[in-house]
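Residue numbers (the working numbering), protein chains in the order written: chain R, 1 to 913; chain X, 914 to 1005.
Notes to accompany the following structure.
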């Protein structure tokens, strides 16, 4: 340790104190003055006894992984060497589903889960077999070299809740989160070795090396310019699933359809010499997978019958019997009641999640999908609103129990352990009328009474939606769960028509959209459901996964590389070739930035196209494909573009506002006002303005950073940069830079082509990547210090820099056309007292409507007192149930890593609206 | 099915796992630890290690093969076999 560093340990002078002494304020509380005491959220309710009991089990449950599914999958797969790939995969899936051990717990009204554990998951070595290995293992070392595990090194999980961050007793921690019993580890390794050289990761790597400039791709991954590859990590998700076909036809009906179609297409190309013949094998695969899922459901029936025989409690015995009868029915037939339909949707959802590694599988507009059953049950007196609410509360617990098994970097660094099952409400129906209904009101109600992270809720905002429905949503927001987020129906439809119009999307069908994942606008279709001779049109997803392709480019990191001519200042490694520019004016900086950005997207798009191509050849979705229009009718699965919409690959970025603020500082202070030279700036950035690294300070928020010496050498320069115009204040000097950047970025993505021959588009969400990506980026020209977390989302202001209130922030956010991007993301933190009572609710709704009218796509609110968050950080044991909105998702505080916790605490808190 | 003595909870039929360390005793409805002894009289849960078709690996007791599989595919003692059609209980 240097002398200066040692001295710093003694001094530890914080930036917040330095700024106060200098008379400069980065005040993170604006717009009013809340009380000094701890302010609880205004609305807090409890679920019914049943859901509470089941949620209490969840609170005490560890994330648990086992090998049952991968064992049976692998056993059948290797038995069928030489079989047609899609049939081989389907047979392996059937074998795995057929052997899943059913677990059922007393009081459950909805059953089926991923594994026999309450919060279970499992690795899929056919996708990747390296990341969950011990760090000494050769597979892990190989992944490290490729850059595939770089994100793991900089990702952090919260150590509370159900995360198994360390091995203990007879439990081994995998990928920093999942616990596996020690006696299962040998078979885990043995199965992983079977897939070595055959997984999507390995085969993809073999072929991606043939891409020109492949070395740059490895550099990009190692330096964390990019967070992760998508083809072998989470190849599906961020999309809306579709329950229509099983709801309408039942599983027996689907098998019958597959059999009939086999007869029609066997031996026939029907004019398609490339893929026409494949339809036969695809239908055979569909049949096999559906049979596997039926066996899985019937195994639950067997277990229910066993429990029924065992049970002495009359009520519980009767519930087991009812569940057994219901499961037996839906194993074969279309559902008849709301309960049966909800159970079927849930079972389908779990089946899709077991078929592939997926985050962000959204149930879509479930309240509209299930409304026909609800409406008829209510009319017939088969169910009461209270009973429906109880079922919805149970559904929330089930969704919350879902875990997604992936690497530390993906699950921790990107997802913060979240699974993003986003349920949308509102929007318009097929004919353009408000689509909200009484069941959706109950869905909002269950989000209030049974507050859990999943499913998160999104409200598809349209001017036509009734005010009482919108105010119900505001009530839900005031519980502090962060949902529903508001998304703009008008902007989404404009984006969808622009992106999917070439594939035939019409205005009517664009209305069927919903949010996939945290914030991914996804197209859907209206499907004709007939129930008891009454016809309805229900919405459902009809497109491929989104947020596949180029996953999270760190914009501030690219700027660092521009300023230092392609060399990563953290590692000293060269990432890009010398850009050859002297950076003598702002245009040269922006031009060099564009060059590096384009090189990044280009090489990542090519490599990810190869990975996804390997995925589609050997690991294609069979079950998920049959659910989506129009695979069952055209005989082609996802890999053969059987889906109605296929232009879903995108470029995701993070650190948007730190980039914009940095460009503003460069433009004004270095080039326009010439207050400092570029060389001075570079030296100050390298020296981190005289501060320690965030990792040393153990805090990742700007104001907590500490000096390593008493020197004030860089203070004046640092203050100047911090005081430069910032985004979020309706200041044209900053907002013009945002607009210039957004106009270019949203158009340039169109230059890249996915493996499906469709153009990429822009996607702007941070999820949790602003934590690890900030951790590896040195100080930035906006005054942010090394290793600290970036601003969240894509349009949230950097903490403490938005000083003119939320309306000014929204003015800044809407200087560009949001319909040019799949999304934009604005998160606002509001003190509970700022929106207290009915008048406060109306104020929040007015603020939201104003943003939507301005053309904002998305806004979500954290209604919380930051003092509570600080107390929760100090005493996590008292806050097992505290939830917080991060960026597109809600998560238990104790399961979030410290960099994101620090960032959420640091966000500007509006104490008045 | 055999009635055994000194079985651990995780090896008995009326234990439903919740996570890697605990589960529910479906008779008492209480949450119990997986590695605690089950009450006397509890029946064994079908697992590979209780199956006649399982052949344990001489070198690694956590692994073995399933003789009922094609090509003698690997198996592991603790795998639950309640859904396995080839399971044949053995005397303990």
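The C-beta atom is built at its ideal place from N, Cα and C for all residues, glycine as well.
Closer than 9 Å to chain R by CB, residue 980 (chain X): For residue 980 (chain X), the answer is no, since every Cβ of chain R falls outside 9 Å of its Cβ.
Beta carbon proximity, residue 942 (chain X) to chain R, threshold 9 Å: Interface flag for residue 942 (chain X) against chain R is set, since a Cβ pair is found closer than 9 Å.
Through-space distance from residue 881 (chain R) to residue 783 (chain R), alpha-carbon basis: Using only the alpha carbons, I get a separation of about 35 Å.
CB of residue 107 (chain R) within 9 Å of CB of residue 248 (chain R), strictly: One thing to note: residue 107 (chain R) has its Cβ no nearer than 9 Å to the Cβ of residue 248 (chain R).
Start-end ranges of the alpha helix (DSSP H) lying completely within the stretch 298-379 of chain R, minimum 4 residues: List check, alpha helix (DSSP H) in window: 314-330, 338-355, 366-369.
8 Å Cβ shell around residue 698 (chain R) - same chain, five flanking residues per side excluded: Annotation for residue 698 (chain R): 898 place their beta carbon closer than 8 Å to its own, counting only its chain and skipping 5 residues before and after.
Beta carbon proximity, residue 920 (chain X) to chain R, threshold 9 Å: No, residue 920 (chain X) does not count as interfacial toward chain R.
Rounded separation between residue 493 (chain R) and residue 446 (chain R) - CA only: Straight-line measurement puts the Cα of residue 446 (chain R) at about 28 Å from the Cα of residue 493 (chain R).
Rounded straight-line distance, which links the Cα of residue 434 (chain R) to that of residue 654 (chain R): C-alpha of residue 654 (chain R) to C-alpha of residue 434 (chain R): approximately 34 Å in a straight line.
Interface positions of the stretch 954-982 of chain X facing chain R (Cβ-Cβ less than 7 Å), listed along the chain: Cβ contacts with chain R come from 973, 975, 976, 982.
Proximity test, Cβ basis, 9 Å: residue 538 (chain R) and chain X: Not one beta carbon of chain X lies nearer than 9 Å to the beta carbon of residue 538 (chain R).
Boundaries (first-last residue) of the alpha helix (DSSP H) holding residue 74 (chain R): Annotation for residue 74 (chain R): the continuous alpha helix (DSSP H) segment containing it runs 68-79.
Alpha-carbon to alpha-carbon, residue 857 (chain R) and residue 876 (chain R): Note on geometry: alpha-carbon atoms of residue 876 (chain R) and residue 857 (chain R) lie some 34 Å from one another.
Neighbourhood of residue 432 (chain R) by C-beta distance below 7 Å, restricted to the same chain and skipping five residues each side: Closer than 7 Å at the Cβ level, and outside the excluded window around residue 432 (chain R), lie 511.
Cross-chain neighbours of residue 914 (chain R) in chain X, by beta carbon under 8 Å: Residue 914 (chain R) falls outside the range modelled here, since chain R spans only 1 to 913, and no answer is possible.
Reference residue 23 (chain R); option with closest CA among R:720, R:483, R:773, R:189: When only C-alpha atoms are compared, the closest one is R:720.
Buried/exposed call for residue 787 (chain R), threshold 16 Cβ in 10 Å: Flag for residue 787 (chain R) reads buried.
The stretch 921-934 of chain X: positions lying closer than 8 Å to chain R by Cβ: If the cut-off is 8 Å between Cβ atoms, the stretch 921-934 of chain X has 927, 929, 930, 931, 932, 933, 934 near chain R.
Residue from R:100, R:82, R:70 whose Cα sits closest to the Cα of residue 997 (chain X): With respect to the C-alpha of residue 997 (chain X), the residue from R:100, R:82, R:70 having the closest C-alpha is R:100.
Minimum Cβ-Cβ distance from residue 180 (chain R) to chain X less than 9 Å: Output row for residue 180 (chain R): interface = yes.
9 Å Cβ cutoff, residue 61 (chain R) in contact with chain X: Cβ-Cβ to chain X under 9 Å: yes for residue 61 (chain R).
Among R:129, R:160, R:224, R:206, nearest to residue 153 (chain R) - alpha-carbon criterion: The candidate whose alpha carbon is nearest that of residue 153 (chain R) is R:224.
Short CB-CB distance (under 9 Å) between residue 986 (chain X) and chain R: Answer yes: the Cβ-Cβ gap between residue 986 (chain X) and chain R drops below 9 Å somewhere.
Terminal residues of the beta strand (DSSP E) in which residue 784 (chain R) lies: Where residue 784 (chain R) is concerned, there is no enclosing beta strand (DSSP E), given that its DSSP letter is neither H nor E.
Partners in chain X for residue 99 (chain R), counting only beta-carbon separations shorter than 7 Å: Those are 996, 997, listed as they occur along chain X.
Residues of its chain near residue 887 (chain R), where Cβ-Cβ distance is below 8 Å and the 5 sequence neighbours each way are ignored: Leaving aside the five residues that flank residue 887 (chain R) on each side, the residues in its chain whose CB is nearer than 8 Å to its CB run, in chain order, 518, 765, 766, 767, 768, 770, 792, 793, 796, 825, 827.
Where the stretch 295-316 of chain R meets chain X: residues whose CB sits under 7 Å from a CB there: Here the close residues are 299, 307, 310.
Contact check, residue 97 (chain R) vs residue 351 (chain R), beta carbons under 9 Å: Yes.
Sequence-distant residues of the same chain with beta carbon closer than 8 Å to residue 7 (chain R), five excluded per side: Because the pLDDT of residue 7 (chain R) is 42, which lies under 50, any placement of that residue in the model is unreliable, and the question is left without a value.
Contacts that residue 354 (chain R) makes with chain X (C-beta to C-beta distance below 8 Å): The contacting residues do not exist; residue 354 (chain R) stays about 14 Å from chain X at best.
Short CB-CB distance (under 9 Å) between residue 947 (chain X) and chain R: Closer than 9 Å: yes.
Limits of the unbroken beta strand (DSSP E) element including residue 526 (chain R): Going by DSSP, residue 526 (chain R) is part of the beta strand (DSSP E) stretching over 524-531.
Residue 36 (chain R) versus R:893, R:889, R:832, residue with shortest Cα-Cα distance: When R:893, R:889, R:832 are compared, the shortest CA-CA separation from residue 36 (chain R) is found for R:832.
Within-9 Å CB hit, residue 8 (chain R) to chain X: Note that residue 8 (chain R) scores 41 on pLDDT, short of 50, meaning its location in the model is unreliable; the coordinates nonetheless yield the value given after this. Residue 8 (chain R) is outside the set of residues whose beta carbon lies under 9 Å from a beta carbon in chain X.
CB contact below 9 Å: residue 950 (chain X) versus chain R: For residue 950 (chain X), not one C-beta of chain R is nearer than 9 Å to its own C-beta.
Amino acids of chain R, ordered along the chain, whose beta-carbon sits closer than 8 Å to that of residue 989 (chain X): Using a Cβ-Cβ cut-off of 8 Å, residue 989 (chain X) is close to 67, 71, 183, 184, 186, 187 of chain R, given in chain order.
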